[in-house]
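K.L.:
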Amino acid sequence: MSVNALPKISRDLLVTAAFGLLIVVMVVVAAVTTESFLTQANLTNLLKQMVTIGLLAYGMLVVILTGGIDLSVGSVVAFSGILTAGMVSSLPIPAAMAVGVVAGIGFGLVNGVLVARFGLAPFVVTLASLTTIRGLAFVYSEVPIAPEDPAFFTLGSAMAGPIPVSTLIMFAVFLVGGVFLTRTPAGRSIIAIGGNAETVRLAGINVRRHVVLAYTISGLCAGLAGVILASRVGIAQPSVGVAFELDAIAACVIGGASLAGGKGSVRATFGGVLVLVLINNLLNLYGVQSFWQQVLKGLIIIAVILAQRTNRVRA
Amino acid sequence: MSLELRDVRKSYGDVEVLHGVDLVGRDGEVLAVVGANGAGKSTLIRIFAGAHAMSSGEMRVDGEVVHLRSPHDAHERGIRTVYQELSIVPGLSVTENLLMGQFPKRRTGLIDWPAAHRRAKELLDAAGFGAIEPRTIAGRLTVARQQMVEIAKALAGEVRVLVLDEPSAVLAGSDLDALFDLIRRLKARGVLVVYVSHRLAEVMELADSIVVMKDGVIIETTEPARTSEDELIRLMAGRKLEQIYPDRRSETGEARLSVHGLSRSGEFSDVSFELRAGEIVGLFGLVGSGRSEMARCVFGAEPPTSGTGAFRSPADAISHGLAFVTEDRKRTGLVGGMTVTDNIALATMRATTKGPLIDMPGRRERVAGMIDRLSIQPARCATMPVAALSGGNQQKAVLAKWLLAEPRVLILDEPTRGVDMATRVDIYRMIDALAREGLAVLLISSDLTEVLGATDRVLVMREGRLAGELPSEGTTEDEVLAHAIGVAA
Chain A
1 MSVNALPKIS RDLLVTAAFG LLIVVMVVVA AVTTESFLTQ ANLTNLLKQM
51 VTIGLLAYGM LVVILTGGID LSVGSVVAFS GILTAGMVSS LPIPAAMAVG
101 VVAGIGFGLV NGVLVARFGL APFVVTLASL TTIRGLAFVY SEVPIAPEDP
151 AFFTLGSAMA GPIPVSTLIM FAVFLVGGVF LTRTPAGRSI IAIGGNAETV
201 RLAGINVRRH VVLAYTISGL CAGLAGVILA SRVGIAQPSV GVAFELDAIA
251 ACVIGGASLA GGKGSVRATF GGVLVLVLIN NLLNLYGVQS FWQQVLKGLI
301 IIAVILAQRT NRVRA
Chain B
1001 MSLELRDVRK SYGDVEVLHG VDLVGRDGEV LAVVGANGAG KSTLIRIFAG
1051 AHAMSSGEMR VDGEVVHLRS PHDAHERGIR TVYQELSIVP GLSVTENLLM
1101 GQFPKRRTGL IDWPAAHRRA KELLDAAGFG AIEPRTIAGR LTVARQQMVE
1151 IAKALAGEVR VLVLDEPSAV LAGSDLDALF DLIRRLKARG VLVVYVSHRL
1201 AEVMELADSI VVMKDGVIIE TTEPARTSED ELIRLMAGRK LEQIYPDRRS
1251 ETGEARLSVH GLSRSGEFSD VSFELRAGEI VGLFGLVGSG RSEMARCVFG
1301 AEPPTSGTGA FRSPADAISH GLAFVTEDRK RTGLVGGMTV TDNIALATMR
1351 ATTKGPLIDM PGRRERVAGM IDRLSIQPAR CATMPVAALS GGNQQKAVLA
1401 KWLLAEPRVL ILDEPTRGVD MATRVDIYRM IDALAREGLA VLLISSDLTE
1451 VLGATDRVLV MREGRLAGEL PSEGTTEDEV LAHAIGVAA
């Protein structure tokens, strides 16, 4: 009987190994073929760029696990960023940033309630909030806001040794988030809901509350990402973050998450984030024109997913 | 037509599940395939259906070697398969389900609906299921009727071999008679019917020859005249089963569940009963009698319109010591993509944390204890996806989930449907042992033998109402059925 269990474990290992290898190959190729990849400036930049998509991807993963989707995260990034920047004039900076994050939580909560309580389709609800929240960002300020207080830039630019503080925050989110999904009743419930919500309900678990929680976590991550992004760039724009939700979804899917719910891993999603950021960085270093970058990114995503699929089918 | 398998082997990955099967089926024959869950019946069916390719060996049709590469290939050769899992599209009409992809068209290229409905009616009538109206939305039919549509669909083309996987699992009463009639007519027409079933009484009645599978090989080929149900069970289980149902001698205690005047409009009305500690109460009713709906309502899954005794929510019911093994383990009992451990621990997650985190070593230990206690196979399945277990073991996993919650009242809805005989016996023993420990058990079943054999008394529901209560001892199956149909004196 143990014969049954054995190949399965090694199969998972194989997929993980192949994935790790891909990332290593990308790094090696980048290091060998370009002079600038291994420079401190580029690596720091890479680590900072990971933060936004990383945070969004974790939140997105939690929602996708329930079988839902959150299209509003890009707009939340813009709104929480510009709200924070606008509040800096009247609030201490930590408080202003907290307001931005809380706004993200609030939007997530509303998304969650509309999906769970009123039974509306996640795609439609978050599509509507995508446009609503984007609109609100412009209503709040049509023009970019650039706070002058240098303390505003700290969160996005401070370094802890060789690693940016914002990157450490993102790592922490993945770490805590990983424990949340694998080790807490709420996390296991969220995954189980995506697998079979009725079974979970009959097991005495409040399905609605957990779905609301999932969207709230996504809102929290997007709010945090928005605040950090504004702080890093030093200027908050109402137009920032368009199509960020697609990168976040792509990271989850590259990591093997199923859009039907119930299947996905925090570690592999992190791998997905790395792949996407490396693709961006490499294409930049090669000086590929940005429209071609989009085309190539799309093709690479498909290639990665196809590779994973054949891996599974063969196994 | 004759169908022949020679030394057929099938492996998934490194694991061989069929180890050289030889089988001969002749035209006009009913060939029954019996075996415990995991014996390889489903794999065999998929090979007949062209859904899975054999790893080695050959299939001969009328002496000629054929290679089935897809279900389409099988259809071309007149081999049709009706699986246990229905493939009906619930949102479409019966006609659309029956004619899918083969609609009669007008000259304009549009579908000729009147002709389509006529054709559907012909198909249903030909199969003997004329009671089904072609224009009905398939999802509104009972599961039994959906199954009949499925069978009629399989008969739409030229059929020479019909493979039926547990066709009677959801059928009862006149629907079952209609199925048997159909099988006899097909047989008379020279069709080879491969009949896979756990219901041995049916097998003995219908089959011309019987093959018994165990652990991926055929261990016996026999005929009804040369064998008995007991012998088949012994062959399937590989051990002699002294007795299927344990002796019930119950000492009942205080009332654990009192339901009074419970109604839910459109489903059932004015149901009152009491479950006492230490007793096993059967609940029998034909499909559509409202028995499962009533149980769901008591458990808090749906609110009642009136009456007392139902809980506010499943969480409320569980906190009062109820456990509910539902009828359809795939849809409401298991999370298929998760591991056996995750599934077994699902209902007790909140109660077993250390701080904010699940106590992983404790959980592993509890689950291992359950796997051992219920002898879930394979024994080292804790980290396997639950969907990889055989049907009987999946059912045990559902049972394990609820037993971990240490219930005081256990509601079991069709706990042995699609479950092999050896596992059934395990389940009956388990229920009996639980009742002896003081649990109150409600056993909902459409299996008459079971509902009488495994219980102390039987409640019968008919058309949403309680139609009678009978002691299990001394009551015959006919009497129970008479109450359920409504011809009782």
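Those protein sequence lines, which keep their order, are chains A and B.
Be aware that the first sequence starts at 1, since it is given in the working numbering, and climbs by one per residue.
Be aware that the second sequence starts at 1001, since it is given in the working numbering, and climbs by one per residue.
Think of the CB as a built atom: it goes at the ideal place given N, C-alpha and C, for glycine as much as any other residue.
1. Please classify M1100 of chain B: does DSSP put it in a helix, a strand, or coil?
2. Is the Cβ-Cβ distance between G1282 of chain B and A1440 of chain B less than 9 Å?
3. For the alpha helix (DSSP H) containing L109 of chain A, name the first residue and the last one.
4. Does the Cβ-Cβ distance between G1109 of chain B and E1267 of chain B come in under 9 Å?
5. Can you tell me whether A1054 of chain B is buried or exposed, with buried defined as 16 or more other CB within 10 angstroms of its CB?
6. Given this structure, state the Cα-to-Cα distance separating K1240 of chain B from I1376 of chain B, to the nearest angstrom.
7. Quick one: grab the DSSP three-state call for E245 of chain A.
8. Please state whether DSSP places V173 of chain A in a helix, a strand or coil.
9. Would DSSP call P1356 of chain B helix, strand or coil?
10. Give the residues from the region 1317-1351 of chain B that approach chain A closer than 7 Å (Cβ to any Cβ), ordered along the chain.
11. Residues in the same chain with beta-carbon distance under 7 Å from A1169 of chain B, minus the five sequence neighbours each way, listed in chain order, please.
12. Cα separation between V124 of chain A and F1180 of chain B?
13. For a contact meaning CB atoms closer than 9 Å, what does I384 of chain A contact in chain B?
14. Please confirm whether L1403 of chain B and A1323 of chain B have their CB atoms less than 9 Å apart.
15. If the criterion is Cβ atoms closer than 9 Å, does the pair I53 of chain A and L276 of chain A meet it?
16. Closer than 6 Å by C-beta to E1490 of chain B: which residues in its own chain qualify, once you throw out the five before and the five after it? Chain order, please.
17. Note the first and the last residue of the continuous beta strand (DSSP E) segment covering M1213 of chain B.
18. Among residues of its own chain, excluding the 5 on either side of S1292 of chain B, which ones have a beta-carbon nearer than 6 Å to its beta-carbon?
19. Looking at chain A, is there any beta carbon in it that lies within less than 9 Å of the beta carbon of L1357 of chain B?
20. For K48 of chain A, count neighbouring C-beta atoms within 10 Å of its own C-beta (all shown protein chains included) and say buried if the count is 16 or more, exposed if not.
21. Using the C-alpha atoms, what's the distance from Y1195 of chain B back to T1475 of chain B?
22. For F37 of chain A, name the three-state secondary structure that DSSP assigns.
23. In angstroms with no decimal places, state the Cα-to-Cα distance between V1021 of chain B and E1231 of chain B.
24. Excluding the 5 residues preceding and the 5 following M1236 of chain B in the sequence, name in chain order all residues of the same chain whose CB lies nearer than 7 Å to its CB.
25. In three-state terms, what does DSSP make of E1133 of chain B?
26. Among A:N45, A:Y140, A:I205 and A:L21, which residue has its Cα nearest to the Cα of L285 of chain A?
27. Looking only at its chain, what residues have a beta carbon closer than 8 Å to the beta carbon of R1185 of chain B, apart from the 5 residues adjacent to it on each side?
28. Note down the Cα distance separating G271 of chain A from L175 of chain A, rounded to an integer number of angstroms.
29. Looking only at its own chain, which residues have a Cβ that is under 7 Å from the Cβ of T126 of chain A, when we skip the five neighbours before and after it?
30. Could you list the residues in the region 1112-1130 of chain B with a C-beta less than 9 Å from some C-beta on chain A, going in chain order?
31. Give me the chain A residues within the contact set of A1315 of chain B, using Cβ-Cβ distance strictly less than 8 Å, ordered along the chain.
32. Along the chain, where does the alpha helix (DSSP H) containing G1392 of chain B start, and where does it finish?
33. Among B:G1321, B:A1301, B:T1305 and B:S1306, which residue has its Cα nearest to the Cα of S1313 of chain B?
34. With a threshold of 6 Å on Cβ separation, who are the neighbours of R1256 of chain B within its own chain once the five nearest residues in sequence on each side are excluded?
35. Is E1473 of chain B helix, strand or coil when you go by DSSP?
36. Hey, would you say A85 of chain A sits closer than 9 Å to A186 of chain A, going by beta carbons?
P.N.:
Result, derived from the coordinates:
1. Taking the second sequence and counting its residues from 1, one reaches residue 1100 of chain B at position 100. DSSP places M1100 of chain B in coil when its eight states are reduced to three.
2. In the second sequence, counting from the first residue as 1, residue 1282 of chain B sits at position 282. In the second sequence, counting from the first residue as 1, residue 1440 of chain B sits at position 440. Contact annotation: G1282 of chain B and A1440 of chain B have beta-carbon atoms that are not nearer than 9 Å.
3. Position 109 of the first sequence, counted from the start, is the residue given in the question as residue 109 of chain A. Segment I93 to A116, the alpha helix (DSSP H) holding L109 of chain A.
4. Walking along the second sequence from the start, residue 1109 of chain B turns up at place 109. Walking along the second sequence from the start, residue 1267 of chain B turns up at place 267. It is not a contact, given that the beta carbons lie outside the stated cut-off.
5. The count along the second sequence starts at 1 and reaches residue 1054 of chain B at position 54. This sequence places Met at residue 1054 of chain B; Ala is not what is there. Label assigned to M1054 of chain B: buried.
6. For the purposes of this step, residue 1240 of chain B is identified with residue 240 of the second sequence, where counting begins at 1. For the purposes of this step, residue 1376 of chain B is identified with residue 376 of the second sequence, where counting begins at 1. Here the model assigns K1240 of chain B a pLDDT of 46, short of 50, so the residue's position is not dependable and the matter cannot be decided.
7. Against the first sequence, residue 245 of chain A aligns to sequence position 245. Helix at E245 of chain A.
8. Along the first sequence, one-based indexing puts residue 173 of chain A at 173. Correct three-state label for V173 of chain A: helix.
9. Here the question's residue 1356 of chain B lines up with position 356 in the second sequence. Collapsing the DSSP output to three states places P1356 of chain B in coil.
10. Flagged, chain order: I1318, F1324, T1326, R1331, T1332, G1333, L1334, V1335, G1336, G1337, M1338, D1342, L1346, A1347, M1349 and R1350.
11. One-based indexing of the second sequence puts residue 1169 of chain B at position 169. Taking C-beta separations shorter than 7 Å and ignoring five residues to either side along the sequence, the partners of A1169 of chain B in its chain run Q1084, R1417 and G1418, following chain order.
12. As a position in the first sequence, residue 124 of chain A is number 124, starting the count at 1. As a position in the second sequence, residue 1180 of chain B is number 180, starting the count at 1. Roughly 49 Å between the two C-alpha positions.
13. Beyond the ends of chain A as shown, which are 1 and 315, falls residue 384 of chain A; an answer cannot be given.
14. On the second sequence, position 403 is the one that residue 1403 of chain B refers to. On the second sequence, position 323 is the one that residue 1323 of chain B refers to. One thing to note: L1403 of chain B has its Cβ within 9 Å of the Cβ of A1323 of chain B.
15. Locating residue 53 of chain A in the first sequence gives position 53, counting from the first residue. Locating residue 276 of chain A in the first sequence gives position 276, counting from the first residue. By the CB criterion at 9 Å, I53 of chain A and L276 of chain A fall inside the cutoff.
16. Coverage of chain B is limited to positions 1001 through 1489, which leaves residue 1490 of chain B absent and any answer about it impossible.
17. Taking the first residue of the second sequence as 1, we reach residue 1213 of chain B at position 213. S1209 to K1214 is the extent of the beta strand (DSSP E) around M1213 of chain B.
18. As a working note, residue 1292 of chain B is residue 292 in the second sequence. E1327 and D1413, listed in sequence order.
19. Numbered from 1 along the second sequence, position 357 holds the residue referred to as residue 1357 of chain B. At least one chain A Cβ lies under 9 Å of L1357 of chain B.
20. Looking up residue 48 of chain A in the first sequence gives position 48. Burial call: buried.
21. On the second sequence, residue 1475 of chain B is found 475 positions in, with the first residue counted as 1. On the second sequence, residue 1195 of chain B is found 195 positions in, with the first residue counted as 1. Cα to Cα, the separation comes out at about 31 Å.
22. Reading the first sequence from its first residue, position 37 is the one you call residue 37 of chain A. Annotated three-state conformation of F37 of chain A is coil, per DSSP.
23. Walking along the second sequence from the start, residue 1021 of chain B turns up at place 21. Walking along the second sequence from the start, residue 1231 of chain B turns up at place 231. Roughly 21 Å separates the two Cα atoms.
24. The count along the second sequence starts at 1 and reaches residue 1236 of chain B at position 236. These residues qualify, in order along the chain: V1034, G1035, A1036, V1212, K1214, D1420, M1421 and A1422.
25. Locating residue 1133 of chain B in the second sequence gives position 133, where the first residue counts as 1. In the three-state reduction of the DSSP assignment, E1133 of chain B falls in the coil class.
26. One-based indexing of the first sequence puts residue 285 of chain A at position 285. It is A:N45.
27. Start at 1 with the first residue of the second sequence, and residue 1185 of chain B comes out as number 185. Only G1128 meet the Cβ criterion.
28. Numbered from its first residue, the first sequence carries residue 271 of chain A at position 271. Numbered from its first residue, the first sequence carries residue 175 of chain A at position 175. Their backbone Cα atoms lie some 13 Å apart in a straight line.
29. The residue given as residue 126 of chain A occupies position 126 in the first sequence. Contacts found: I69, D70, L71, S72 and N111.
30. Cβ contacts with chain A: none found.
31. To locate residue 1315 of chain B, count along the second sequence from 1; it is residue 315. Those within 8 Å of A1315 of chain B in chain A are G204, I205 and N206.
32. As a first step, residue 1392 of chain B is located in the second sequence; it is residue number 392 there, counting from the start. From DSSP, the alpha helix (DSSP H) with G1392 of chain B extends over G1391 to L1404.
33. As a first step, residue 1313 of chain B is located in the second sequence; it is residue number 313 there, counting from the start. Of all alpha-carbon atoms in B:G1321, B:A1301, B:T1305 and B:S1306, the one lying nearest the alpha-carbon of S1313 of chain B is that of B:A1301.
34. Counted from its first residue, the second sequence places residue 1256 of chain B at position 256. Closer than 6 Å at Cβ, skipping near neighbours: L1275, A1277, R1408, V1409 and A1440.
35. The residue given as residue 1473 of chain B occupies position 473 in the second sequence. When secondary structure is reduced to three states using DSSP, E1473 of chain B falls in the coil class, being assigned neither helix nor strand.
36. Numbered from its first residue, the first sequence carries residue 85 of chain A at position 85. Numbered from its first residue, the first sequence carries residue 186 of chain A at position 186. Taking C-beta atoms as the reference points, A85 of chain A and A186 of chain A fail to come closer than 9 Å.
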